[in-house]
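A.B. asks:
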Amino acid sequence: MLANPSKHIEQKLTLLPAEPGSYQMKDKNDKIIYVGKAKNLKNRVRSYFKQDHDGKTAELVQNIVDFDFIVTNSDKEAFLLENELIKKYKPYYNIRLKYGTGYPYIKISKERDPKMSLVNEVKKDGGFYFGPYPNVYAAQETLRFLEKNYPLRRCNGYQGRPCLYYNMGQCLGPCWHEVSASEYQTQIERIKRFLDGDTATVKRSINEKMKIAADTLEFERAADLRDQLKYIDETVESQRVLSKDTTPRDLFNYYLDKGWMTVEVFFLRQARLIRQFKRTFSVVGEAEEEVLSFIQQFYLQRNIQKPREVLVPKGIDTIALSEVLSVPVRTPIRGEKRDLLDLAGKNARIALEEKFRLMQLNEKKTTGAMAEITNALNLPLGHRIEAFDHSHTQGVEIVSAMVVFDDGVPNKDLYRKYKIKSVDHADEWSETQEVIRRRYGRLLKEGGTMPDLILMDGGEIQLHAAKEVLEDELGMTNVPIAAMVKNDKHKTADLIDGKTEQIVTLDKQSEGFFLVQRVQEEVHRFAINFHRQLRSKNSLASRLDTIDGVGPKTRQKLLREFGSLPKIAAASVKELEAIGINEKLARVIHMSLQTGSGLKAEI
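In terms of the UniProt record's numbering, the sequence shown opens at residue 1 and continues consecutively.
1. Do the CB positions of E522 and F356 come within less than 9 Å of each other?
2. Tell me the rounded alpha-carbon separation between R349 and I70.
3. How is H383 classed by DSSP in three states: helix, strand or coil?
4. Sort L60, P480, V202, P104 by Cα distance to M450 and report the nearest one.
5. Return the chain-ordered ranges of every alpha helix (DSSP H) run that is complete within the region 306 to 341 and spans a minimum of 4 residues.
6. Could you check where the beta strand (DSSP E) with D497 kicks off and where it finishes?
7. Can you tell which of Y34, G36, D66, G21 has its C-alpha closest to the C-alpha of L13?
8. Give the list of continuous beta strand (DSSP E) stretches no shorter than 3 residues that lie fully inside the region 412 to 472.
9. Would the region 516 to 535 count as touching the region 445 to 459 if we require 3 or more Cβ pairs under 8 Å?
10. Which same chain residues end up closer than 6 Å to I436 when comparing Cβ atoms and leaving out the 5 residues on each side of it in sequence?
11. Could you tell me which residues DSSP pairs with K123 in its beta bridges?
12. Using DSSP with H/G/I as helix, E/B as strand and the rest coil, what is S243?
13. Going straight from the alpha carbon of I398 to that of R438, what length do you get?
14. May I have the straight-line CA-CA distance separating S109 from D125, to the nearest angstrom?
15. Any idea what DSSP makes of S564, helix, strand or coil?
16. In three-state terms, what does DSSP make of Q276?
17. In terms of DSSP beta bridges, what is I70 paired with?
18. Could you tell me the distance, in whole angstroms, from the CA atom of Y166 to the CA atom of N156?
19. Within the same chain, show all residues whose beta-carbon is closer than 6 Å to that of Q170, passing over the 5 residues directly before and after it, in chain order.
20. Just reading off the beta strand (DSSP E) that T262 is part of, what are its end residues?
21. According to DSSP, is V504 helix, strand or coil?
22. Tell me the rounded alpha-carbon separation between S597 and V324.
23. Here's the rule: buried if 16 or more other CB atoms are within 10 angstroms of the residue's CB, otherwise exposed. What is D452?
24. Could you give the DSSP three-state label for D250: helix, strand or coil?
25. Quick one: Cα of L256 to Cα of G475, how far?
26. Out of R193, Y299, L292, P307, which has the shortest C-alpha to C-alpha gap to T247?
27. Rounded to the nearest angstrom, what separates G36 and D215 at their Cα positions?
28. On a Cα-Cα basis, can you pick out the residue from Y415, D224, M25 that is closest to E386?
29. Does D30 come out as helix, strand or coil in the three-state DSSP assignment?
30. Could you pull out every residue in the same chain whose Cβ sits closer than 6 Å to the Cβ of I264, ignoring the five residues on either side in sequence?
31. Are K574 and G549 closer than 9 Å when you measure CB to CB?
32. By a C-beta neighbour count over all protein chains shown, 10 Å radius and 16 as the cutoff for buried, is F219 buried or exposed?
33. State buried or exposed for E77, treating a residue as buried only when at least 16 other CB atoms are found within 10 Å of its CB.
34. Quick one: give me the first and last residue of the beta strand (DSSP E) that I206 is part of.
35. What whole-angstrom Cβ distance do L341 and P313 have, given they're in contact under 8 Å?
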């Protein structure tokens with residue numbers, strides 16, 4: 001059966017990277033129903049929708065509504081990550097793997113006479129653990145290889161006579177005599193070096209033995225040695241996606257471009273990456289401040305259990321963050337933790353690039369979507385949509401914003417911002433009436449071009465408030481208006497026709513629906529950004545106003561020259577004097593921001 005993917009999935013398929021990783025298929029309830037891994041995410045995920053399938057695979061594909069993915073550094077990392085995600089989410093279509101015991105570790109026990117074994121979990125028992133390994137058979141063969149070449153204890157201990165393994169050269173012989181601790185330690189160090197990736201000496205020895213075996217026509221032994229080389233390569237490959245340290249930790253990294261940021265979070269538990277979390281949003285302030293704020297809100301608002309350690313990239317104030325979270329916060333400079341942090345940053349970059357490409361694809365695809373919207377509302381074909389949204393923080397700094405789309409494409413030259421003047425508290429009805437009155441009262445006065453459709457972002461309340469101004473105050477009875485109805489995820493689900501006040505449902509896979517969602521996201525973003533800018537500006541001004549001797553002119557001069565409060569605080573007395581501030585006031589400003597609450601509040 002050939003899959004028939006939705007337009008949403010078709011768009012996402014074009015964005016897949018040709019890199020290794022794990023992918024997660026989701027159903028209509030946003031639930032993960034299948035987890036897989038791939039050497040090439042682009043080819044593997046596309047194959048589900050571009051090839052014929054039957055049986056359970058066909059059933060799986062029919063239930064896929066969306067998918068997500070995590071990029072890794074190697075196929076092995078993808079394999080290990082797949083296993084962890086399966087155990088975490090228990091997807092319905094991973095039934096064969098779901099109840100498995102997981103992949104093994106090689107353990108060296110902490111005993112007087114240590115022993116090697118395969119185990120399925122890491123315990124805090126003082127032993128040495130290596131893994132987990134992606135290939136169970138290869139791990140077993142590697143253990144056998146180690147027992148042959150670096151023997152410890154294979155028997156149950158002292159029995160008064162040499163055991164069979166001692167006679168085979170696979171046991172140091174605690175079965176019949178005492179083995180010194182130094183002899184064990186030497187052997188353990190060799191094993192650790194080998195399992196940590198130092199295989200050159202061993203592989204060289206095996207190659208020499210394999211050549212001798214071939215020269216003496218011992219082809220079976222030569223084949224066995226060849227297989228051992230293969231097993232070694234599979235099991236000692238670097239595991240950068242995992243940490244050998246079992247400390248529970250969360251890693252945060254980010255990628256910033258074009259005013260947008262993606263923050264990627266890796267959750268490491270028991271030395272395994274158990275899940276990821278990412279969020280993409282528009283930013284106004286300094287990148288480091290935005291990330292700092294994100295991490296604080298991440299733990300404080302989401303009620304997430306904190307790990308024992310948090311890792312962040314360079315530039316984040318680790319001291320301040322550690323004080324807020326009450327856990328150690330560090331920035332790794334090199335080594336395994338740094339590699340993991342870089343991998344999180346790589347995933348953040350890919351996620352943001354995907355966001356941009358989706359936005360571009362949506363803009364291209366929505367140029368003809370206006371017809372679908374106007375048809376659904378029984379309107380003549382139009383070209384221009386104007387949409388409105390409000391933003392505030394607990395009734396403070398109330399603003400409205402308007403965006404304009406011409407033939408499905410944002411016309412940013414016509415975007416408008418409004419500071420609400422009629423009320424000093426949250427009042428959606430009054431806010432809506434003020435902005436509609438100001439916008440269309442001015443257009444009527446100036447003879448400007450009216451839109452073909454007005455979209456309100458706030459449902460029935462904004463719709464009725466806007467209609468009252470348009471029809472009763474301005475006499476505009478011919479301008480079509482509709483309101484966007486949101487679902488529980490704050491995404492547009494339907495429209496309310498302003499004429500009939502009936503719900504109008506658009507095909508969720510149609511270009512018209514994508515355009516309405518795009519408009520809603522854009523006006524929401526624009527309103528929030530304006531609110532943040534205003535709040536930030538007023539916050540900076542108020543903090544500077546608390547410093548004796550700083551008036552409006554000095555405040556403006558400081559903000560104009562340095563741009564932000566942290567940069568003013570970082571300036572030396574000489575640098576403050578250089579912009580025309582006298583030495584005494586420069587010292588007061590410098591000391592106030594170094595010791596006062598201004599900088600701390602900004603963080």
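Using N, Cα and C, we set each Cβ at its ideal position, and we do this for glycine too. As the structure is a prediction and not an experimental result, all values here were calculated from the model.
C.D. replies: The relevant details are as follows:
1. Looking up residue 522 in the sequence shown gives position 522. Looking up residue 356 in the sequence shown gives position 356. In this structure, F356 does not lie closer than 9 Å to E522 by Cβ.
2. Position 349 of the sequence shown, counting from 1, holds the residue named residue 349. Position 70 of the sequence shown, counting from 1, holds the residue named residue 70. About 12 Å.
3. Numbered from its first residue, the sequence shown carries residue 383 at position 383. The DSSP-derived three-state label of H383 is coil.
4. Position 450 of the sequence shown holds residue 450. Out of L60, P480, V202, P104, P480 has the C-alpha closest to the C-alpha of M450.
5. Listed in chain order, the alpha helix (DSSP H) runs fully inside the region 306 to 341 are 318 to 325, counting runs of at least 4 residues.
6. What you label residue 497 is simply residue 497 of the sequence shown in a count that begins at 1. Here the beta strand (DSSP E) through D497 covers 492 to 497.
7. As a position in the sequence shown, residue 13 is number 13, starting the count at 1. Cα-wise, what sits closest to L13 is D66.
8. Runs of the beta strand (DSSP E) inside the region 412 to 472: 416 to 419, 453 to 456.
9. Under the 8 Å Cβ criterion, the region 516 to 535 counts as touching the region 445 to 459, having at least three qualifying pairs.
10. By one-based count along the sequence shown, residue 436 stands at place 436. Taking I436 as the centre and dropping the five residues before and after it, the same chain places the C-beta of A466, V469 closer than 6 Å to its C-beta, in chain order.
11. Here residue 123 is taken as the residue at index 123 of the sequence shown, counted from 1. Beta-bridge annotation (DSSP): K123 is not paired with any residue.
12. By one-based count along the sequence shown, residue 243 stands at place 243. In this predicted model, S243 has a pLDDT of only 49, less than 50, meaning its place in the structure is not dependable enough to derive any value.
13. Residue 398 sits at position 398 when you count from the first residue of the sequence shown. Residue 438 sits at position 438 when you count from the first residue of the sequence shown. Those two C-alpha atoms are separated by around 15 Å.
14. By 1-based counting over the sequence shown, the position of residue 109 is 109. By 1-based counting over the sequence shown, the position of residue 125 is 125. Cα-Cα distance, rounded: 8 Å.
15. Working through the sequence shown from its first residue, we reach residue 564 at position 564. Coil.
16. Numbered from its first residue, the sequence shown carries residue 276 at position 276. DSSP places Q276 in strand when its eight states are reduced to three.
17. Along the sequence shown, one-based indexing puts residue 70 at 70. S22, per the DSSP bridge assignment.
18. As a working note, residue 166 is residue 166 in the sequence shown. As a working note, residue 156 is residue 156 in the sequence shown. Taking the straight line from one Cα to the other gives about 12 Å.
19. As a first step, residue 170 must be located in the sequence shown, where it is residue number 170. Excluding residues within five positions, the ones whose Cβ falls inside 6 Å are E147, K148, P151, R154.
20. Position 262 of the sequence shown, counted from the first residue, corresponds to residue 262. According to the DSSP assignment, T262 belongs to the beta strand (DSSP E) that extends over 260 to 269.
21. Within the sequence shown, residue 504 is the residue found at index 504, counting from 1. In the displayed model, V504 falls within a strand according to three-state DSSP.
22. Taking the first residue of the sequence shown as position 1, residue 597 is located at position 597. Taking the first residue of the sequence shown as position 1, residue 324 is located at position 324. Residue placement at S597 is poorly supported in this model, since its pLDDT is 38, which falls under 50; the coordinates are not used for a value here.
23. Taking the first residue of the sequence shown as 1, we reach residue 452 at position 452. The residue is buried, with at least 16 neighbouring Cβ atoms inside 10 Å.
24. Locating residue 250 in the sequence shown gives position 250, where the first residue counts as 1. In the three-state DSSP reduction, D250 falls in the strand class (E or B).
25. Mapped onto the sequence shown, residue 256 falls at position 256. Mapped onto the sequence shown, residue 475 falls at position 475. A straight line joining the alpha-carbon of L256 with that of G475 spans about 47 Å.
26. Counting from one through the sequence shown, the residue named residue 247 turns up at place 247. Closest by alpha carbon: P307.
27. Taking the first residue of the sequence shown as position 1, residue 36 is located at position 36. Taking the first residue of the sequence shown as position 1, residue 215 is located at position 215. Taking the straight line joining both Cα atoms gives about 44 Å.
28. The residue you call residue 386 lines up with position 386 of the sequence shown. Among Y415, D224, M25, the Cα nearest to that of E386 is on Y415.
29. Numbered from 1 along the sequence shown, position 30 holds the residue referred to as residue 30. The answer is coil: DSSP assigns D30 none of H, G, I, E or B.
30. To locate residue 264, count along the sequence shown from 1; it is residue 264. Looking at the sequence shown, residue 264 is not Ile but Glu. These residues qualify, in order along the chain: N253, K278, A344, N347, A348.
31. Position 574 of the sequence shown, counted from the start, is the residue given in the question as residue 574. Position 549 of the sequence shown, counted from the start, is the residue given in the question as residue 549. Taking 9 Å as the cut-off, the beta carbon of K574 is found no closer than this to the beta carbon of G549.
32. As a position in the sequence shown, residue 219 is number 219, starting the count at 1. Exposed, since its Cβ has fewer than 16 Cβ neighbours within 10 Å.
33. If you number the sequence shown from 1, residue 77 lands on position 77. Buried, because 16 or more other Cβ atoms sit within 10 Å of the Cβ of E77.
34. Counting from one through the sequence shown, the residue named residue 206 turns up at place 206. Here I206 belongs to no beta strand (DSSP E); instead the alpha helix (DSSP H) covers 200 to 215.
35. For the purposes of this step, residue 341 is identified with residue 341 of the sequence shown, where counting begins at 1. For the purposes of this step, residue 313 is identified with residue 313 of the sequence shown, where counting begins at 1. So it is a contact: roughly 6 Å between Cβ atoms.
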